[in-house]
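In what follows, a single structure is set out as C-alpha cells and then discussed.
Protein chains: 2
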Amino acid sequence: MATISDVAKLAGLSVSTVSRVINDSPHVSEKKRNSVKSAMERLGYVPLPAARQLRGSKTNTMAVTIPRIVNPFFSYLVDAIEQKLDEAGYSTLIVQTFSKAEEELTALNLLKNQQVDGVILCSLENTWSIISDYCKYGKIILVNEYLKDVHVPIVRADQYDGFYKATNFLFDEGYSKIAYATGRKSITIMEKEANFDADRFAGFQDSLSEHKLGLNHDWLFTNAHTAEDGKNIFKMIMALDNKPDVIIAGSDEVAMGITQEAEEQKVKVPKQLGVLGVDDQPVSANLRIPLTTIRQPVNEMGQKAAETMLHLMSGESVPKVQICKLKIIKRASA
Amino acid sequence: MATISDVAKLAGLSVSTVSRVINDSPHVSEKKRNSVKSAMERLGYVPLPAARQLRGSKTNTMAVTIPRIVNPFFSYLVDAIEQKLDEAGYSTLIVQTFSKAEEELTALNLLKNQQVDGVILCSLENTWSIISDYCKYGKIILVNEYLKDVHVPIVRADQYDGFYKATNFLFDEGYSKIAYATGRKSITIMEKEANFDADRFAGFQDSLSEHKLGLNHDWLFTNAHTAEDGKNIFKMIMALDNKPDVIIAGSDEVAMGITQEAEEQKVKVPKQLGVLGVDDQPVSANLRIPLTTIRQPVNEMGQKAAETMLHLMSGESVPKVQICKLKIIKRASA
DNA sequence: CTGAAAGCGCTTACAG
DNA sequence: CTGAAAGCGCTTACAG
C-alpha cells in the first residue's frame with residue numbers, strides 16, 4: 001500500500017505539500033498540486049483513515065443507533081438517514097443496540113474514540129445523565145425517541161397528538177373498551193412532553209378522560225415488540241372475563257400478531273376485536289386484514305435528522321426540536 | 001481522554017507493560033497486571049482504535065455488503081450474521097451498496113485500509129477480477145450470491161435445484177405457461193454453477209425442456225426489484241395477447257406487487273394468474289393472498305457465513321463451498 | 001518479567 | 001508557496 005511518503009517521493013516534493021493537497025489547502029501552487037495529484041493517481045494512493053484519525057481529523061462518518069434492523073420502521077428510518085448523509089459525502093455506521101444499554105454505549109464510544117463525527121440516536125437505552133457525558137466528544141442528536149430538558153437537537157413525531165386523536169377516532173368508530181400495548185417494560189405516567197412513551201400514553205389517557213373513562217389495568221400490556229408478543233397478548237385478552245373491544249397495539253408488528261392469532265381462534269377482526277397498529281409499514285396495507293394504523297413519518301424524520309446533523313457539522317444553528325405529524329390511516333382492522 | 005501514558009504513569013509502570021496487559025500478553029507478573037488494570041479502570045481508559053490500527057493490529061470488525069437494508073431478505077441475513085459475530089466479540093459494519101459497483105469498492109477498501117478484518121459479500125456488483133485484488137488485504141467470503149471458479153469460501157443456497165423443483169411444482173399444479181422475472185439487468189444463459197442467476201434460470205429452463213417447452217421471450221422480465229416493479233410487470237402481462245398463466249416473481253417483494261395490481265384490476269390470483277414468490281419473508285404468510293414461495297434459508301446461511309469467517313480468522317480450514325437447500329412453501333398464490 | 005526507543009502514516013505549527 | 005520536524009497513541013522488537 002502506497003503511503004504519503006511514496007507519493008511525495010514520486011512527485012519530488014515533501015510530505016507536507018502532499019498532505020496539503022489531500023486536505024485541499026489553498027497554499028499550494030497549481031503546478032505542484034497537479035504533480036501531486038498525478039502521483040497519487042499513479043500509485044492508487046488513498047490516505048489511511050487510521051493515521052488521519054490519530055491526528056484528530058474528521059472521519060466523515062456518522063453512527064446511527066437503532067434497536068433492531070429487522071424492524072421495518074427502523075430499517076426505513078436508517079435508509080432515509082443514510083441516503084441523505086451519502087449525498088453530503090458522509091458514511092453511515094448502523095449500530096444495533098438490541099435494546100441493551102451497553103450496546104448503546106458502544107456507539108457513544110465511537111464518538112469518544114474519534115471513529116465517528118456524530119451519533120444519531122433513534123432509540124434511548126441509557127439515562128440522559130450517562131449520555132450527556134458524551135456530548136463533549138462530538139455531536140449527538142435524538143430522533144424518534146426523545147426526552148424533555150435535554151440540550152441536544154431533537155427530531156420527533158407528535159406522539160401525544162397522534163395517540164390522542166387515534167383514541168378519539170376509536171371512540172368515533174364506536175369502540176369504548178380500549179386496551180393499550182407498548183414495548184416498554186412498564187408504563188410510567190408523566191407530564192406532557194416528558195418522553196416518547198409517556199406522551200403516547202398521555203394522549204391515550206386524555207382522550208379516555210374526556211370520554212369519562214378511567215383506566216382498566218387488565219387492558220394494559222407491556223413488553224410488546226414482536227408478532228409473537230402480539231399473539232400472546234391476544235391469548236391474554238381471551239382469558240379475560242371483561243374483554244376490551246379494541247386494542248392500540250403499539251406497532252404494526254404486534255398488531256399483525258394479534259390479528260393472526262385472532263384469525264386462528266376464529267375471532268373476527270374488527271367485529272369482535274378491533275386492532276389499531278402503529279407505524280404503517282409498507283406491507284400493512286396488503287395483509288389479509290389490512291391494518292388501520294397510525295402512520296409514522298419515517299422518511300420525513302430520517303431526512304430532517306440527517307439534515308440537522310449536517311448543519312451541526314458545518315456549524316450552523318439548528319432548531320432545538322422539530323416535530324412531525326402522525327396520521328391515522330383507516331383500513332380494515334379497526 | 002486518558003491515554004496509555006496516563007495509565008502507565010498512574011500505575012508507576014512503563015507503557016510497554018500497559019500495552020502488554022491490554023493485549024493479554026502472558027509475560028506480565030500478576031501483581032503488575034492488577035495494578036495496570038485498576039489504573040485503567042480508575043481512568044476509564046479505552047485504547048484508541050485508530051492508534052492500534054495504525055500499528056496494524058486487528059480491528060475485530062467485519063464488513064457485510066448488501067444491496068439495500070430495507071429489503072427484508074437482507075436485513076434478516078445481516079441480522080443472523082451480526083448475532084453470530086457478536087458472540088465472538090466482533091463488530092459488524094453494514095455497507096449498503098445500492099447495487100452500485102463503486103459502493104462495493106468502498107467496502108473492499110475498508111479491508112485495504114485496515115478498518116476491518118474481513119468482508120462478507122452478500123451480493124456481487126464488481127467483476128471477480130476486480131474483487132480478487134483485495135484478497136491480499138484480508139479475508140473475503142461470498143454469501144448468497146456466487147460465482148464459479150473463485151478462490152474464496154462460498155456459502156450459498158442451491159438455486160438450481162430450488163428453481164428446477166419449483167418449476168416442476170408449477171407444472172404439477174396444472175400451470176404450463178410460465179413467466180419468469182429477475183432482478184438482473186439481463187438474462188444470461190451459462191453452464192450450471194456459473195452463478196446465482198444463471199443457476200436459477202437454468203433450473204427453470206431445464207424443467208421447461210423436460211416438459212417439451214421452449215422459452216417465450218415475452219414472458220421474461222428483468223430489472224424487477226420492488227413491489228412497484230411487480231405492478232409494472234403485471235401491467236405488461238395484461239398487455240400481452242398470449243398471456244402466461246403463472247409467474248415466478250424472483251422475490252416476494254415483486255410477487256406482492258404483482259398480486260396487488262392483480263387485485264386492483266380484478267384479476268384473480270391464483271385462478272387467472274398464479275404468482276410464485278421467492279424468499280419467504282415473515283409477512284408473506286399473512287398477506288391478503290398468502291404467497292406460495294421458495295423459501296431461502298436466511299438464518300442458516302447467515303450463521304454459516306459468520307462461522308466460516310470466524311474460522312478463517314482463527315486460521316482454521318473451511319469448506320470451499322457450503323450449500324443450503326431451498327424449499328417450496330405452498331400457500332394461496334400459486 | 002520489564003523498559004527505552006523506534007516507528008506506523010498522517011497533520012500542523014514553525015520557519016523560511 | 002514550501003519543507004523539516006514534532007507528535008498523535010499505540011505496538012513491538014531489542015536489551016537487559
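Line order of the protein sequences matches chains D and P. Mind the numbering: the first sequence is residues 1 to 334 in the UniProt record's numbering, read in order. Mind the numbering: the second sequence is residues 1 to 334 in the UniProt record's numbering, read in order. Glycine residues also receive a C-beta, built at the ideal position from the N, C-alpha and C atoms. Model, not experiment: these values are computed from the prediction.
Taking only beta-carbon atoms, is residue 288/D less than 7 Å away from chain P?
-> yes
Would you call residue 308/P buried or exposed, if buried means 16 or more other Cβ atoms sit within 10 Å of its Cβ?
-> buried
Closest Cβ-Cβ distance between residue 241/P and chain D: below 7 Å?
-> no
Hey, is residue 218/D close to the ligand FMN, as in C-beta under 6 Å from one of its heavy atoms?
-> Absence of the ligand FMN from the depicted structure is noted, as is the absence of any ligand whatsoever, leaving it without description.
If you draw a straight line from the alpha carbon of residue 160/D to that of residue 170/D, how long is it in whole angstroms?
-> 15 Å
Residue of 19/D, 76/D, 293/D minimising C-alpha distance to residue 249/D | 293/D
Per DSSP, the bridge partner or partners of residue 118/P = 62/P, 139/P
Give the DSSP-derived three-state secondary structure of residue 85/D in the structure shown.
-> helix
For chain P, is any of its Cβ atoms less than 7 Å away from the one on residue 70/D?
-> yes
Count the other CB atoms within 10 Å of the CB of residue 336/D; is the residue buried (16 or more) or exposed (fewer)?
-> Any answer about residue 336/D is impossible in this case: the structure gives chain D only from 1 up to 334.
Ordered list of beta strand (DSSP E) runs contained in the stretch 169-215 of chain D, each at least 3 residues | 178-181
Rounded to a whole number of angstroms, what is the C-alpha to C-alpha distance between residue 97/P and residue 89/P?
-> 25 Å
Using a C-beta to C-beta distance shorter than 9 Å, which residues of chain D count as neighbours of residue 119/P?
-> Going along chain D, no residue has its Cβ under 9 Å from residue 119/P, so there is no contact; the nearest lies around 15 Å.
Say whether chain D places a C-beta atom closer than 7 Å to the C-beta of residue 296/P.
-> no
Give the secondary structure of residue 147/P by DSSP, where H, G and I count as helix, E and B as strand, and everything else as coil.
-> strand
Beta-carbon neighbours of residue 75/D, restricted to chain P and to distances below 7 Å = 69, 70, 75
So is residue 256/P in contact with chain D if we call contact Cβ pairs under 7 Å?
-> yes
First and last residue of the uninterrupted alpha helix (DSSP H) at residue 6/P | 4-11
Should residue 254/P and residue 224/P be called a contact, given that it needs their Cβ atoms to be closer than 7 Å?
-> yes
Residue 111/P vs residue 76/P beta-carbon contact at 7 Å = no
Quick one: residues in its chain with C-beta nearer than 7 Å to the C-beta of residue 82/D, no 5 flanking neighbours on either side, listed in chain order?
-> 92
Identify the contact partners of residue 232/P in chain D, using a Cβ-Cβ distance below 9 Å as the criterion.
-> Within chain D, no residue comes near residue 232/P; the closest Cβ sits about 17 Å away, beyond 9 Å.
Chain P beta carbons: is any one of them nearer than 7 Å to that of residue 50/D?
-> yes
Indicate whether at least one CB of chain D lies closer than 7 Å to the CB of residue 79/P.
-> yes
Taking 7 Å as the CB-CB cut-off, is residue 275/P touching chain D?
-> no
When burial is assigned at 16 or more other CB atoms within 10 Å of the CB, is residue 197/D buried or exposed?
-> buried
Along chain P, in chain order, which residues have C-beta atoms closer than 9 Å to that of residue 54/D?
-> 48, 50, 51, 53, 54
Name, please, each residue of chain P whose Cβ falls closer than 9 Å to the Cβ of residue 82/D.
-> 69, 96
Would you kindly work out how many angstroms separate the C-alpha atoms of residue 127/P and residue 43/P, rounded to a whole number?
-> 49 Å
Give me the Cα-Cα distance between residue 73/P and residue 183/P, rounded to the nearest whole angstrom.
-> 14 Å
Chain D beta carbons: is any one of them nearer than 7 Å to that of residue 205/P?
-> no
Residues near residue 302/P in its chain [Cβ-Cβ closer than 6 Å; skip 5 each side] = 77, 80, 81
Please list the partners that residue 1/P has in chain D, where partner means a Cβ-to-Cβ separation under 7 Å.
-> 112
If we count the other Cβ atoms within 10 Å of its Cβ and call it buried at 16 or more, is residue 289/D buried or exposed?
-> buried
DSSP three-state assignment for residue 157/D, whether helix, strand or coil = strand
Other residues of its chain near residue 137/P: CB distance less than 7 Å, five sequence neighbours each side excluded = 111, 112
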